[in-house]
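Residue numbers (the numbering used here): 34 to 594.
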């Protein structure tokens with residue numbers, strides 16, 4: 034896609050932008066409903082993020098849920114069926130950053146799980162910071178230890194500011210980025226350590242763990258699953274509509290069907306075993322167990338200062354399961370049913386410990402998922418994995434051959450590709466000419482639908498929804514000079530088996546958004562369009578605190594009492 038636009042298209046873009054501004058002004062004029070004076074703030078806000086849960090799985094398997102988990106939120110809370118992670122690169126770090134910041138990547142600065150540092154030109158991890166290390170755990174240079182790269186405030190930061198730091202904001206996840214990006218700058222994050230099975234924090238937050246964490250670690254709950262297997266929860270007939278197991282080829286040394294055993298080849302409790310726990314229900318069970326320990330240890334929802342607290346729980350296992358087997362698989366289906374029962378138990382405990390009449394619960398996801406390409410192909414739809422390394426190498430060779438200059442592609446972190454503008458200029462090649470040559474070549478390659486150039490992004494013009502989503506995902510300082518979009522059902526990956534996410538298509542953007550809290554929320558199934566960035570301003574309204582610094586979402590007024 035080039036940057037040569039006709040005058041009529043420029044005018045169309047201008048009109049679109051003017052109408053967007055007018056719409057925003059009209060929205061701003063519609064004030065959120067006032068909270069009645071007699072209605073207290075929630076004592077505890079629980080934010081649940083199910084990593085890699087597409088909205089369609091919630092509706093597809095709804096009839097098999099029990100009464101106390103997802104069904105409780107769906108039937109007694111507000112459920113937005115047309116809710117989206119409304120940015121074009123749908124990955125874990127970006128999705129988690131959106132939940133409590135209300136911001137898009139172009140502002141919050143987390144543009145992927147990894148990206149290229151503009152100074153060092155090396156790949157960096159979204160939550161790495163070498164100034165800090167895990168407490169009592171081995172720490173690698175690229176391990177996630179701090180929210181340094183998150184450029185904006187979160188709801189937790191604003192709540193702590195409003196309460197003079199008396200409010201507690203505690204987050205826990207199977208992934209470091211899942212906990213850290215929910216916690217913001219002033220909360221406290223705990224994450225699963227795959228070498229020991231512990232949940233630990235880092236020295237960004239404290240120098241040593243509190244007593245309740247030390248007691249939890251000493252009990253070694255992660256060891257109880259050794260030698261156990263994950264088997265189906267329901268009768269065989271319940272899975273009749275799922276994809277055949279052999280749709281996903283088994284990778285060497287692995288299984289692609291039940292049962293899945295948790296052990297180590299060494300016969301000992303070691304990193305191999307603790308890492309295996311991630312791909313199945315036991316990781317989520319441990320995460321919720323640690324969340325219960327945090328509720329007790331930190332007295333969440335019973336703050337002596339009388340102020341609200343926030344508990345963020347990111348449940349990581351569904352993402353691992355969907356990557357391995359696809360959202361159409363029996364394994365993904367069963368995992369969601371098991372998670373439903375876990376949530377029912379967790380909500381029951383919340384009711385006992387805090388009282389659900391004092392708790393506000395939000396459940397969402399960081400992204401959805403594409404089906405496994407083999408499954409999609411069997412249904413007559415084009416789908417395939419694109420080897421990103423080969424694609425970038427082919428682009429580099431093409432530019433060298435066509436423009437007569439080698440190494441015009443400096444590096445990549447797909448979907449971002451970085452070009453050497455200085456080298457091109459030195460050789461008399463204009464920046465737009467280099468971009469256009471690269472874009473023309475890429476759009477001739479299998480599986481690519483769109484290529485956005487830096488020049489296009491810097492003009493800010495948008496004409497389609499995809500344009501809008503990709504513009505939100507592009508950060509001027511950090512993002513690449515080319516941003517690629519695959520065709521629907523195609524994605525960047527190689528090898529056999531499994532699937533992924535990351536696109537601006539609805540299977541990746543449409544995620545659950547459920548809000549439960551009868552004192553503050555009107556139950557119902559809402560068909561209005563909503564975004565995950567709407568969560569932060571809605572919660573800020575109910576907590577009566579300032580919205581996060583870069584929040585662009587709206588208060589979900591239709592669901593607020």
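Just so it is clear, CB atoms sit at the ideal spot from N, CA and C, and this is done for glycine as well.
Legend entry - Exposure of residue 594, with buried meaning 16 or more beta-carbon neighbours within 10 Å: Counted from its first residue, the chain shown places residue 594 at position 561. Its Cβ having fewer than 16 others within 10 Å, residue 594 is exposed.
Inset, instruction - For residue 345, write down the residues that DSSP places opposite it in a beta bridge. - result: For the purposes of this step, residue 345 is taken as residue 312 along the chain shown, with counting starting at 1. Answer is 80 and 204.
Inset, instruction - Taking only the alpha-carbon atoms, compute the straight-line gap between residue 276 and residue 543 and give it to the nearest angstrom. - result: In the chain shown, residue 276 corresponds to position 243, counting from 1. In the chain shown, residue 543 corresponds to position 510, counting from 1. Roughly 21 Å between the two C-alpha positions.
Legend entry - Expected contact under 8 Å - CB spacing of residue 520 and residue 482 to nearest Å: Stepping through the chain shown from its first residue, residue 520 is reached at position 487. Stepping through the chain shown from its first residue, residue 482 is reached at position 449. Going by Cβ atoms, the distance from residue 520 to residue 482 rounds to 4 Å, so yes, they are a contact pair.
Inset, instruction - Note the first and the last residue of the continuous beta strand (DSSP E) segment covering residue 557. - result: Start at 1 with the first residue of the chain shown, and residue 557 comes out as number 524. Taken as a continuous stretch (DSSP letters only), the beta strand (DSSP E) holding residue 557 covers 557-559.
Inset, instruction - Mind the definition here: the stretch 503-512 touches the stretch 484-493 only if three or more C-beta pairs lie below 8 Å; say whether that holds. - result: Because the criterion of three Cβ pairs below 8 Å is met, the stretch 503-512 and the stretch 484-493 touch.
Legend entry - beta strand (DSSP E) segment containing residue 393, residue limits: As a first step, residue 393 is located in the chain shown; it is residue number 360 there, counting from the start. Segment 392-397, the beta strand (DSSP E) holding residue 393.
Inset, instruction - May I ask you to report which of helix, strand or coil DSSP gives residue 239? - result: Indexing the chain shown from 1 puts residue 239 at position 206. If DSSP states are grouped into helix, strand and coil, residue 239 belongs with coil.
Legend entry - Opening and closing residue of the beta strand (DSSP E) in which residue 451 lies: As a first step, residue 451 must be located in the chain shown, where it is residue number 418. Unbroken beta strand (DSSP E) run through residue 451: 449-452.
Legend entry - Whole-angstrom distance between residue 383 and residue 389, CA atom to CA atom: Position 356 of the chain shown, counted from the first residue, corresponds to residue 389. Position 350 of the chain shown, counted from the first residue, corresponds to residue 383. Going from the Cα of residue 389 to the Cα of residue 383 covers about 6 Å.
Legend entry - Inter-stretch contact at 8 Å, needing at least 3 Cβ pairs: the stretch 103-110 / the stretch 131-151: Taking 8 Å as the limit for Cβ pairs, the verdict is that the stretch 131-151 does not touch the stretch 103-110.
Inset, instruction - Let me know the secondary structure DSSP gives residue 361 once reduced to three states. - result: Working through the chain shown from its first residue, we reach residue 361 at position 328. Three-state DSSP puts residue 361 in coil, outside helix and strand.
Legend entry - Separation of residue 190 from residue 217, as counted between CA atoms: By 1-based counting over the chain shown, the position of residue 217 is 184. By 1-based counting over the chain shown, the position of residue 190 is 157. Each residue's alpha carbon lies about 6 Å from the other.
Inset, instruction - State the Cα-Cα distance for the pair residue 547 and residue 402, rounded to the nearest angstrom. - result: If you number the chain shown from 1, residue 547 lands on position 514. If you number the chain shown from 1, residue 402 lands on position 369. The straight-line gap from Cα to Cα measures roughly 19 Å.
Inset, instruction - Assign residue 95 to buried or exposed, taking buried as 16 or more other Cβ atoms, counted over all protein chains shown, within 10 Å of its Cβ. - result: Residue numbering aside, residue 95 sits at position 62 when the chain shown is read from its first letter. Label assigned to residue 95: exposed.
Legend entry - At least three beta-carbon pairs within less than 8 Å, the stretch 366-378 to the stretch 83-98: Taking 8 Å as the limit for Cβ pairs, the verdict is that the stretch 83-98 does touch the stretch 366-378.
Legend entry - Alpha carbon of residue 462 to alpha carbon of residue 210, nearest angstrom: For the purposes of this step, residue 462 is identified with residue 429 of the chain shown, where counting begins at 1. For the purposes of this step, residue 210 is identified with residue 177 of the chain shown, where counting begins at 1. Distance between the alpha carbons of residue 462 and residue 210 is about 40 Å.
Legend entry - Beta-carbon proximity list for residue 74, same chain, < 6 Å, skipping 5 on both sides: By 1-based counting over the chain shown, the position of residue 74 is 41. Excluding residues within five positions, the ones whose Cβ falls inside 6 Å are 341 and 576.
Legend entry - Reference residue 537, options 484, 585 and 555, closest by Cα: Within the chain shown, the letter at position 504 stands for residue 537. Per the Cα distances, 484.
Legend entry - Whole-number beta carbon distance between residue 188 and residue 556, since they are thought to touch under 8 Å: On the chain shown, position 523 is the one that residue 556 refers to. On the chain shown, position 155 is the one that residue 188 refers to. That pair is no contact at about 23 Å.
Inset, instruction - To the nearest angstrom, report how far apart residue 196 and residue 183 are at their CA atoms. - result: One-based indexing of the chain shown puts residue 196 at position 163. One-based indexing of the chain shown puts residue 183 at position 150. For residue 196 and residue 183, the distance between alpha carbons rounds to 22 Å.
Inset, instruction - Please report the residue range of the beta strand (DSSP E) in which residue 486 lies. - result: Taking the first residue of the chain shown as position 1, residue 486 is located at position 453. Element bounds for residue 486: 481-486.
Inset, instruction - In angstroms with no decimal places, state the Cα-to-Cα distance between residue 357 and residue 98. - result: The residue you call residue 357 lines up with position 324 of the chain shown. The residue you call residue 98 lines up with position 65 of the chain shown. Each residue's alpha carbon lies about 23 Å from the other.
Legend entry - Alpha-carbon to alpha-carbon, residue 477 and residue 468: Reading the chain shown from its first residue, position 435 is the one you call residue 468. Reading the chain shown from its first residue, position 444 is the one you call residue 477. Going from the Cα of residue 468 to the Cα of residue 477 covers about 15 Å.
Inset, instruction - Let me know if residue 152 comes out buried or exposed under the rule of 16 or more other beta-carbons within 10 Å of its beta-carbon. - result: The residue labelled residue 152 in the question sits at position 119 within the chain shown. So residue 152 ends up on the exposed side.
Inset, instruction - Go through its chain and collect everything with a Cβ distance to residue 241's Cβ below 7 Å, but skip five positions before and after it. - result: Here residue 241 corresponds to residue number 208 of the chain shown, with the count starting at 1. Cβ within range, chain order: 168.
Inset, instruction - Check whether the Cβ atoms of residue 370 and residue 307 lie closer than 8 Å to each other. - result: Position 337 of the chain shown holds residue 370. Position 274 of the chain shown holds residue 307. No, Cβ-Cβ distance for residue 370 and residue 307 is not below 8 Å.
Legend entry - Sub-8 Å separation of residue 81 and residue 396 beta-carbons: Taking the chain shown and counting its residues from 1, one reaches residue 81 at position 48. Taking the chain shown and counting its residues from 1, one reaches residue 396 at position 363. Yes, the pair counts as a contact, with Cβ atoms nearer than the cut-off.
Legend entry - Strand pairing of residue 117, partner residues [DSSP]: Here the question's residue 117 lines up with position 84 in the chain shown. BP columns for residue 117 point to 543 and 564.
Legend entry - Straight-line Cα distance separating residue 259 from residue 295: Residue 295 sits at position 262 when you count from the first residue of the chain shown. Residue 259 sits at position 226 when you count from the first residue of the chain shown. Using only the alpha carbons, I get a separation of about 6 Å.
Legend entry - Local conformation of residue 59 per DSSP, three classes: One-based indexing of the chain shown puts residue 59 at position 26. Below a pLDDT of 50, predicted positions are generally treated as unreliable, and residue 59, at 41, falls in that range; the measurement from the model is reported next regardless. Three-state DSSP puts residue 59 in a helix.
Legend entry - Cα-Cα separation, residue 425 to residue 304: Working through the chain shown from its first residue, we reach residue 425 at position 392. Working through the chain shown from its first residue, we reach residue 304 at position 271. When rounded, the distance between both Cα atoms is 34 Å.
Inset, instruction - Spell out the partners DSSP gives residue 233 in its beta bridges. - result: Working through the chain shown from its first residue, we reach residue 233 at position 200. Partner(s): 224.
Inset, instruction - Provide the residue(s) that pair with residue 371 in DSSP beta bridges, ordered along the chain. - result: As a position in the chain shown, residue 371 is number 338, starting the count at 1. DSSP lists no partner for residue 371.
Legend entry - Span separating the alpha-carbon of residue 13 from that of residue 558: Nothing can be reported for residue 13, as the shown portion of the chain is limited to 34 through 594.
Legend entry - Through-space distance from residue 127 to residue 591, alpha-carbon basis: Along the chain shown, one-based indexing puts residue 591 at 558. Along the chain shown, one-based indexing puts residue 127 at 94. Residue 591 and residue 127: Cα-Cα distance of roughly 27 Å.
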